[in-house]
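See structure below.
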Amino acid sequence: MARTTRKRKPRAKQRGDRAKGSSLKRLFKIGLPVVVICAGALLFFMLDPFPKSTFDEARAFEHLLAQYGFGPRLPGTEPHRRCLEYITQELDRYLPGVRHHNFTYESVFLGRVQGTNVWASSGPEKRASTGRVLLCAHWDTRPMADMDPDPANRSRGVPGANDGASGVAVLLEVARILGRKPPPGQVDIVLFDMEDMGGLPPAQHRQDPFCIGSSRFVAEHPEFRPDFGILLDMVGKRGLRIPKEAISLERAPQIVERVWAVARRLGIKAFSEKQGPAVLDDHVPFLEKGIAVIDLIDMDYPAWHTLQDTPERCSPESLKQVGEVVLGVIYGK
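With the sequence shown counted from 1, adding 13 to any position gets you our numbering.
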């Protein structure tokens, strides 16, 4: 995940550097503000009652453990292949007709590899009267634990229990509920590959960028224009506190307020009223195309990009809080 500004530790500077990169600068040079809510999208917050079958945090945590159990999910590796098979099967069980958006990329570190975005949809084609919502997360893990305190570990892949598995775990459980209780409008779930390959030490003066899979998805699906979207990233840690991410607040404030209003009504304490740092993440390619996607992320995570990003530092309750808010947005709680 692309990261942020904090002053306590040396790595905070690295996060700030990434957040101030060229992609972020391009974002804020967009001439017109993102149009964040249309009349159809508003009906997502008004039409349908909340489903009686609510979010099962134990089931979601099992999805987190399953992904973690495959090992680091780097493109071109067996753990990556097995995880792709798993998330595809689980999504298709609840929302039949899952699609793969495959793409190739010449990586500085991995060579020529194939990435796969996984896409599922609830219900028929978009119904104009009820709108369309995107829910998304990334399912890959970082190739190198470059923030690990032990230099000997920094060439190893990140386990990615929180940074990689948590958002996917929430959305797999959300998909189960969508399958049992169709929402008032269309909901697309897209799991992006190759988000976390940027910012590593350069090879031959080159670096891979962040957000490769989401950038390719946006570029190759110009017809896909949901009314708004919610990105889940690093939402599994114990003691979760999600601030209002700065780019989301700047570019899609109405969506931020809608989501936080649901959290307030449900009494969800994990959603903080404070503004957080700017994060270069998978919502940015959508914002650059005028599509209002916000980022739910808690960057205050000492195990970020280390070998300590393990399930012991994650909590089923954190997954539940995020899942309940997402469902509240979709069903109009």
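Note that the Cβ used here is the ideal one computed from N, Cα and C, for glycine as well.
Nearest to residue 72 by alpha carbon, out of 201, 335 and 183? Considering only alpha carbons, the answer is 183.
Heavy atom of the ligand FAD less than 6 Å from the Cβ of residue 296, yes or no? Here there are no bound small molecules, and the ligand FAD is not part of this structure.
Here's the rule: buried if 16 or more other CB atoms are within 10 angstroms of the residue's CB, otherwise exposed. What is residue 89? With fewer than 16 other Cβ atoms from the protein chains shown falling within 10 Å of its own Cβ, residue 89 counts as exposed.
Taking only three categories from DSSP, how would you classify residue 326? Helix.
Taking the beta carbon of residue 340 as the centre, do at least 16 other beta carbons fall within 10 Å, making it buried, or is it exposed? buried
Test item: CB-CB of residue 85 and residue 154 under 7 Å: yes
Inter-residue spacing [alpha-carbon to alpha-carbon] between residue 68 and residue 336: 6 Å
With H, G and I counted as helix, E and B as strand and the rest as coil, what does DSSP make of residue 130? strand
Quick one: grab the DSSP three-state call for residue 96. helix
Three-way DSSP call (helix, strand, coil) for residue 227 in this model: helix
Cα-Cα separation between residue 162 and residue 235, rounded to whole angstroms: The straight-line gap from Cα to Cα measures roughly 42 Å.
Extent of the continuous alpha helix (DSSP H) to which residue 277 belongs: 266-279
Residue 323: which of 276, 178, 331 and 292 sits nearest, CA to CA? 178
Let's test the definition: count the other Cβ atoms within 10 Å of the Cβ of residue 186 and tell me whether it reaches 16, buried, or not, exposed. Buried: at least 16 other Cβ atoms inside 10 Å.
Any idea which residues DSSP pairs residue 77 with across the strands? According to DSSP, which records beta bridges pairwise, residue 77 is partnered with nothing at all.
Between residue 134 and the rest of its own chain, which residues show a CB-CB distance below 8 Å, the 5 nearest in sequence each way excluded? 108, 110, 199, 200, 201 and 202
Tell me the DSSP secondary structure of residue 219 in three-state form. strand
Leaving out five residues on either side along the sequence, give the residues of the same chain with a beta carbon under 7 Å from the beta carbon of residue 92. Within the same chain, Cβ atoms closer than 7 Å to the Cβ of residue 92 are found at 83, 84, 85 and 86, the five residues on either side in sequence being excluded.
Extent of the continuous alpha helix (DSSP H) to which residue 192 belongs: Note, residue 192: alpha helix (DSSP H), 179-193.
Backbone secondary structure at residue 356 - three-state DSSP: With the chain running from 14 to 346 in the structure shown, residue 356 is simply not present.
For the putative contact between residue 209 and residue 223, defined by C-beta atoms under 8 Å, what is the C-beta separation to the nearest angstrom? 7 Å
Using DSSP with H/G/I as helix, E/B as strand and the rest coil, what is residue 306? Look at residue 306 here: in three-state DSSP terms it is strand.
Tell me the rounded alpha-carbon separation between residue 127 and residue 280. If you take the alpha carbons of residue 127 and residue 280, they lie about 42 Å apart.
Which one of 246, 241 and 252 has the shortest CA to CA distance from residue 266? 241
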